[in-house]
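S.K.: Chains as they are written, first to last, in the UniProt record's numbering: chain X, 1 to 354; chain G, 1 to 346; chain V, 1 to 317. Glycine included, each C-beta is placed from N, C-alpha and C at the ideal position. On a predicted model such as this, the values are computed, not experimentally measured, just so you know. Handing you a structure now.
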Amino acid sequence: MTLLEINDLTVNFYTEDGVVTAVDDLSYRIESGETFGVVGESGAGKSVTALSLMRLIEDPGRIESGEILFKGEDLLEMSEAEIRSVRGNEIAMIFQDAQTALNPVYSVGEQISEAIRHHLNYSDAEARDRTIQLLDRVGIPDAESRYDDYPHEFSGGMQQRAVIAMALSCDPDLLIADEPTTALDVTTEAKILDQIQDLADEFDTAVQLITHDLGVVAKICERVMVMYAGRPVEKAPVEDLYYDPKHPYTVGLMSSIPRIGDERDRLQTIPGTMPDLVDVPPGCAFHPRCPYAEESCAQKQPPLVDPETGDAATAADDRAAACLEYTGDLEGELEFEVSVEGEDPLLEEGQDAR
Amino acid sequence: MSTERGRIRVTGFDTDRVTERDDLSDWSEATTGGTESRWRRALRRFRHNRVAMLGVYVVAAMALLSFFARPVTIAGITVQPFSIAPYDPSTILYLEPGSTVGRYDPPTLAHPMGTDASGRDLFSRVLVGGRLSISIGFVVVGITATFGLAYGAVAGYYGGWVDEILMRFVDVIFAFPGLVLALVIVALLGGGYWPLVIAFSVPGWAGYARLIRGEILSVKENEYVLAAQALGARDRSVIFRHIVPNAMAPLIVQASLSIGTVVIGVAALGFLGLGFEPGTPEWGTMLDQTRETLIQGPGGSIPWWATVFPGGAIFLFVMAMNMIGDGVNDALDAQEVGNVGQGGGG
Amino acid sequence: MSLRRFIAKRVLLIFPILFGVSVITFALVHITPGDPVDVVVALNPDISPAEEARLRARYGLNDPIWEQYLDWLVGVLQGDFGKVIATDRAVSTVIVERLPETIALGLFGWVFAVIIAVPAGIYAAVRKDELGDHVSRFLALSGISIPNFWLGLMLILVGALTLNLWPVLAPRTALYSPEMLWYLLLPGITIGTASASTLMRIMRSSMAEEMNKEYVTAARAKGLPERTVVLKHVLRNSLISVTTVAAFLTASIVSGSVVVEQVFGWPGLGRALISAVSNREIDLILGITLFIGVAIILANLVADILYAVLDPRIRYD
C-alpha cells in the first residue's frame, strides 16, 4: 500500500540574494513499511524535503506547489490543527544533530513523554512508564534513573538514541531520519543504523532515510532517490542503483566512496562542488561537473524519464533518471561501466556491518 | 582509469575531462561577492537600513544646527561666524528697548517656541542647547571606550591574578548606578563642562572593559592568536594586531548606544540643578526652571512650551542616536546589547 | 560544586566589593574641598570660629582621612552609620524613614516593567517583522530614548494639569493606603518605562534567537501546539538570558528614583541623596551610596542564582 505520495513538490526560499528553489518539481512515493533512501550532497534539498513533509518550512521558505498525499489525504490542504495531529503522531522525525534537537532546559524523559501525553492522552504516570520502556528499548541503560537527566548529561550516541525514542514515542507510520548518524563516530553510527532498521521492522514503520552516504543506503534501504541541486536525478530500487546506475552523478557518488583495501593513491571525487542554489547552472545543473556533458546539456534541462522508454516518469515509476541521454538529446554516450565480480556483494555487505 | 568498490567496479567515469574542457556555459562557480570584507558588508547593510540612516540625518542636522546656531569664538578669534538662531540665547528680551516680549509668551511666528521665564527666546535656546549635551556625549564615549578597551584587553589577555584584581575593581564600579556616581562627583567638583565629562567617564568605562575582556577571552583561544604567540610575537602586538580588531564590533555597538545614555545623564544632572549654572542654555537645565511652573503655573496658565520643546529636543536626539546604534548592531551582526551600559541615564 | 557552595562563594565576594564601594565614596567625598560644617556656618553666620572648630573636632573632621575612614568603618560594623550634622539625626534613622517610599516606587516600576515587557517581547518575537513587531519595537526604542525627567514632566502636564486626574504632588497621607497606588501611577510609569523598554528589547531578541534553534523545529515536529512550543520550550530558554539583565534593571530603577523622586516631589532616598549631596552631609552620602551598592549587589546575586536554577547546564564554577 502506498503510504506517502509526493507530486510535483516545489519549495522556494525568498532570501536577500533572490529566490532560491530548494526543492524543484519533486515526485516520489513511499510504501508502507519500506525504507526509502534520499541521497545527495549537502545543499541538495534533502532536509527541505523532509521538513516539507511535516509542513515545517518556515519563513522565508514557502511550499509553492504540489501535493503531499499521506494515506490518501493531502497534507498541504489540512488545517493547522489537523497537520499537528499528524506531526509526531503519524509522521515523526529523527534529527541530524540530537544535541541541538533536544531542548537543553528540560529533562530527556519530559521531552519524550510530552508528545505521548499530547497525542495519546496518557496520564503523567502512564506517559512516564511508556517513555522509560522506549528509552530502554533504544538501548539506554538504567532508563528509569536516566529519565530525569538533562540532555547535556547524555553522550552523543545516547542523545541520538533518545531522539529516536522520541520519534517512535507515538508509534508513527512514517519515520523521517535526516542524516541520523552524521554527527556520530563510526562505531556508534553502525549501531544506531542497525537499531533504526530493527525498530522500523518491529514497529512496522516506513522510513525515509536521508543521507549523503551511499554505503548507508546500501545497508538498509529498499528504494533510493538521488537528488542534485533541489531536483531528483535518479530513482531506482537499491540493487539497480548499484549494479546499473543511470545518471552520471550517481556514478560519481559511487566512485567517491572510500574503502579499506583501496589501492588507488587518491580518492576519485567529482570535480567542483554542488552549486549555490541562488545561482544554479543553466540546463542540467550537473553539467559543469559531468564528464559526459555537451553543449546541449548547458541549454536543455533534462526531464525525469523512464530510461528504457524515454517517457516522462511519475511518482509511481520505480526507475527513472534525468539525463539527456534518455531523451535522445545527447550525441555522445555515457561511457561508464559497472562490473560486478564474485557473488552478490549487496547481500554480503548487508551482513557484515562496515 | 578504473576504480574498485568492494566487488562493484566503476570504469569510464573520467573526471579529467571536466577540468580539461572549456566551460559549456557562462555559469561559473565563483558566485556573488563572497570576498567582501566584514566591515564593507556592514557599511553596505547600514546604508540600506532606512531607520538607521534617518537617525544619521537627524543627529547630523541637530549637531550642525547647534554648531551654527551662534558664532563660536575661541580665544577672541571667531572660528564659526554663522548665526542661525534669531536671538542670543541669554538675552532677556523684555529688557530690550521697545520690546513687546514678556515672560512665558506662547509660541508665535517671531518666537516659534515661545519665551521662557526670563523672556528669552526658547527657539534660540533649544538650538544652542544641544552644544553642551551632544559634545559631552561624544567626548565621554570616546574617553570611556578607549580606556575600557585598553583595560579589558589587559585583563583578558593576561588573565590570572591580573585579571582577578582588575575585574574586582570593575565589579566595584558596577555597584554604583552610573548616574548616582556622576551625581556625587558633580556635586563635589561643582558643575561645568569638564566636571561633567569626568563625572560620566568615571563610571562609564567599566561596561566596555567587561565587554572587551569577555570578547578577548573567547578570541584568545583562536588558532591564529596561538599561532602568533608561538611565533614569538610580543604581547602588545598580539593584543593590538590580532585580538582587538576582532573584539571591535561589540565595542562599536555599545559605544553607539551609550552616547544617548550619556546625553540623557548630562541633561538629568542639569535638570537636578547640578550640571550647569542656572540660566545656561542647556536642555536639562532649561527644564529645571520649568518644573516650578508646572507646580504653580503663573496666573493659572501653564507655559507648556517651556517643558515640551527642550525635553523634546533631548528625546529626538537620543532617539536618533539609538536608531543609529540599533543599525550598527544589525549591520555588524553583533548580539543585541540592549543598552545595558553604565554612564547614567535611565 | 553544589548550588549551596556556589551561593556561599558569591555571598563572600560581596564584602570586598562593598569595601571598595565605601573606600571610593569616602575618598571622593573627602578629597574635595568643603565639609558640612562649612554649610552649617554659611546658614548660621553668628557661629563663632571657636564654635566652628569645636564642631569640627566633635565630628572628627580634623583627623587624617584614613583615621576618619576607620572610625566610620568601625561605626558601620557596629550598626552606626554616623549622623546628619544639620539635623543631628542618625543616618540609619533617615534611611529607614525614606526607604519604604523608594521601595514602593521602585517595586511599582519593576512590576510595571515586567508586566509590559514580557508579553510585549514574546509577542514581538512571535510576530517578527510584522506590523505588531514594528510598532512595539518603535515604542521600546522611544522608551529607552525618552529622558525620564521629561517623561515625568509631560505626564504631569497631561495627567495632572490638563486632565486633572491627579494632583501635581501626591498628598502625603499614608504610604500604605490603597489610594496610594493611584498616586504611584505616574511616578511608577515614569520610573518603569526605561526598564520596560530595555527588558522588552532583550526579551524579543533572545526569544527570536531561540526561535531559530533546532529544538524548536523538533518540538513542532512532535505536533505540539504553537502555544506550548513558544511558552514552554522557547520562553524557558530565553528567560535564562533575560535574568542577566535583572540586576541592570535594578540599577536603572535606583538611578531613576533619584531623578523621578525630584520630579514628583516624592520623599524617598533619591531626594535624600540629592539634598545630602548639596549639603555635603558626608555620612548621609556614604550611607545612602553604600545602601544602593548593597541593593545592586544583592540583585546581581539573585540574578546569578536564578540563572543557575534556570539553566541545568551551569556547573557553578
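Could you name each continuous alpha helix (DSSP H) segment of 4 residues or more that falls completely within the region 114 to 159 of chain X, going from the start of the chain to the end?
M.R.: Counting only runs of 4 or more, we get 124 to 137 and 143 to 146.
S.K.: Quick one: does His233 (chain V) have its CB under 9 Å from some CB of chain X?
M.R.: True, the Cβ-Cβ gap to chain X drops below 9 Å.
S.K.: Tell me which residues share the same chain as Thr25 (chain V) and place their Cβ nearer than 6 Å to its Cβ, disregarding the 5 neighbours each side in the sequence.
M.R.: Closer than 6 Å at Cβ, skipping near neighbours: Leu286 and Thr289.
S.K.: Identify, in the order they occur along the chain, each residue of the same chain with its Cβ nearer than 6 Å to the Cβ of Ile143 (chain G), setting aside the five sequence neighbours on each side.
M.R.: So the qualifying residues of the chain are Ser201.
S.K.: To the nearest angstrom, how far is the alpha carbon of Ile30 (chain X) from that of Phe36 (chain X)?
M.R.: Cα to Cα, Ile30 (chain X) sits roughly 7 Å from Phe36 (chain X).
S.K.: Using a cut-off of 9 Å between C-beta atoms, extract the partners of Ser85 (chain X) located in chain V.
M.R.: Chain V residues near Ser85 (chain X): Gly223.
S.K.: Check whether chain X comes within 9 Å of Ser83 (chain G), counting only Cβ atoms and requiring the distance to be less than that.
M.R.: Output row for Ser83 (chain G): interface = no.
S.K.: Exposed or buried, what is Ala69 (chain G) when buried is set at 16 or more other beta-carbons lying within 10 Å of its beta-carbon?
M.R.: Looking at its Cβ environment, which holds 16 or more other Cβ atoms inside 10 Å, Ala69 (chain G) is buried.
S.K.: Taking Cβ positions, are Ser25 (chain G) and Gly283 (chain X) nearer each other than 9 Å?
M.R.: Yes, Cβ-Cβ distance for Ser25 (chain G) and Gly283 (chain X) is below 9 Å.
S.K.: Does the beta carbon of Gly12 (chain G) come closer than 9 Å to any beta carbon on chain X?
M.R.: Interface residue, yes.
S.K.: Look at the alpha carbon of Met54 (chain X) and the alpha carbon of Glu20 (chain G), and state the distance between them as a whole number of angstroms.
M.R.: Using only the alpha carbons, I get a separation of about 44 Å.
S.K.: Please decide whether Thr228 (chain V) counts as near chain X, where near means a Cβ-Cβ distance under 9 Å.
M.R.: It does; some Cβ of chain X falls within 9 Å.
S.K.: Can you tell me the Cα-Cα spacing of Met154 (chain V) and Glu261 (chain V), whole angstroms?
M.R.: Rounded to the nearest angstrom, the two C-alpha atoms are 15 Å apart.
S.K.: Considering Glu64 (chain X), what are the terminal residues of the beta strand (DSSP E) in which it resides?
M.R.: Taken as a continuous stretch (DSSP letters only), the beta strand (DSSP E) holding Glu64 (chain X) covers Gly61 to Phe70.
S.K.: Below 9 Å between beta carbons is the criterion; list the residues of the region 278 to 293 of chain X that meet it against any residue of chain G, in chain order.
M.R.: Those would be Val278, Asp279, Val280, Pro281, Pro282, Gly283, His287, Pro288, Arg289, Cys290, Pro291, Tyr292 and Ala293, in chain order.
S.K.: Report the three-state DSSP secondary structure of Asn329 (chain G) (helix, strand or coil).
M.R.: In this structure, Asn329 (chain G) counts as helix in the three-state DSSP scheme.
S.K.: Find the residues of chain G that neighbour Ala251 (chain V), judging by a C-beta separation of less than 7 Å, and give them in chain order.
M.R.: Within 7 Å Cβ-Cβ: Pro177.
S.K.: How would you call Gly188 (chain V), buried or exposed, if buried means at least 16 neighbouring beta carbons within 10 angstroms?
M.R.: Buried, by the Cβ-count rule.
S.K.: Span of the beta strand (DSSP E) holding Asp116 (chain G)?
M.R.: Per DSSP, Asp116 (chain G) belongs to no beta strand (DSSP E) and is neither H nor E.
S.K.: Could you work out which residue in X:Thr314, X:Val216, X:Tyr326 and X:Arg319 is closest to Gln301 (chain X) when comparing CA atoms only?
M.R.: That would be X:Tyr326, whose Cα lies nearest to the Cα of Gln301 (chain X).
S.K.: Is it the case that the Cβ atoms of Leu26 (chain X) and Thr49 (chain X) are separated by a distance below 9 Å?
M.R.: Yes, Cβ-Cβ distance for Leu26 (chain X) and Thr49 (chain X) is below 9 Å.
S.K.: Since Met154 (chain V) meets chain G, which of its residues come closer than 8 Å, beta carbon to beta carbon?
M.R.: Ordered by position in chain G, the residues that pass the 8 Å Cβ test against Met154 (chain V) are Thr307, Val308 and Gly311.
S.K.: In whole angstroms, give me the CA-to-CA distance for Val184 (chain G) and Ile31 (chain V).
M.R.: Approximately 12 Å between the Cα atoms of the pair.
S.K.: Could you name the residues that DSSP lists as bridge partners for Tyr228 (chain X)?
M.R.: Looking at the DSSP assignment, Tyr228 (chain X) forms a beta bridge with X:Arg231.
S.K.: If contact is defined by three or more beta carbon pairs under 8 Å, each pair taking one atom from either stretch, is the region 228 to 239 of chain V in contact with the region 128 to 137 of chain V?
M.R.: Because the criterion of three Cβ pairs below 8 Å is not met, the region 128 to 137 of chain V and the region 228 to 239 of chain V do not touch.
S.K.: Can you tell me the Cβ-Cβ gap for Gly332 (chain X) and Glu294 (chain X), rounded? I've got them flagged as a contact below 8 Å.
M.R.: 6 Å between Cβ atoms; contact.
S.K.: On the three-pair Cβ rule with 8 Å, is the region 99 to 116 of chain V touching the region 194 to 210 of chain V?
M.R.: Short answer: they touch.
S.K.: Among G:Val51, G:Arg291, G:Arg9 and G:Val58, whose alpha-carbon lies nearest the alpha-carbon of Ala313 (chain G)?
M.R.: Selected option, being the one with the closest Cα: G:Val58.
S.K.: Helix, strand or coil for Arg319 (chain X) per DSSP?
M.R.: Reduced to three states, the DSSP call for Arg319 (chain X) is coil.
S.K.: If you count every other CB in all the chains shown that lies within 10 Å of the CB of Met323 (chain G), and 16 or more means buried, which is it?
M.R.: Burial call: buried.
S.K.: How is Leu165 (chain V) classed by DSSP in three states: helix, strand or coil?
M.R.: Residue state, collapsed to three classes: coil.
S.K.: In chain V, which residues lie less than 8 Å from Ala22 (chain X) when you measure between Cβ atoms?
M.R.: The contacting residues do not exist; Ala22 (chain X) stays about 15 Å from chain V at best.
S.K.: What are the boundary residues of the beta strand (DSSP E) that includes Ile210 (chain X)?
M.R.: Here the beta strand (DSSP E) through Ile210 (chain X) covers Ala206 to Thr211.
S.K.: Could you tell me which of V:Asp63, V:Ala104, V:Leu224 and V:Leu139 sits nearest to Val86 (chain X), measuring between CA atoms?
M.R.: Ranking V:Asp63, V:Ala104, V:Leu224 and V:Leu139 by Cα distance to Val86 (chain X) puts V:Leu224 first.
S.K.: Pick out whichever of V:Val126, V:Ala219, V:Trp150 and V:Ile17 has its Cα sitting closest to the Cα of Asp59 (chain X).
M.R.: Closest option to Asp59 (chain X), Cα to Cα, is V:Val126.
S.K.: Relative to the C-alpha of Val91 (chain V), which residue among V:Ile282, V:Glu214, V:Ile103 and V:Ile144 is closest?
M.R.: Closest option to Val91 (chain V), Cα to Cα, is V:Ile282.
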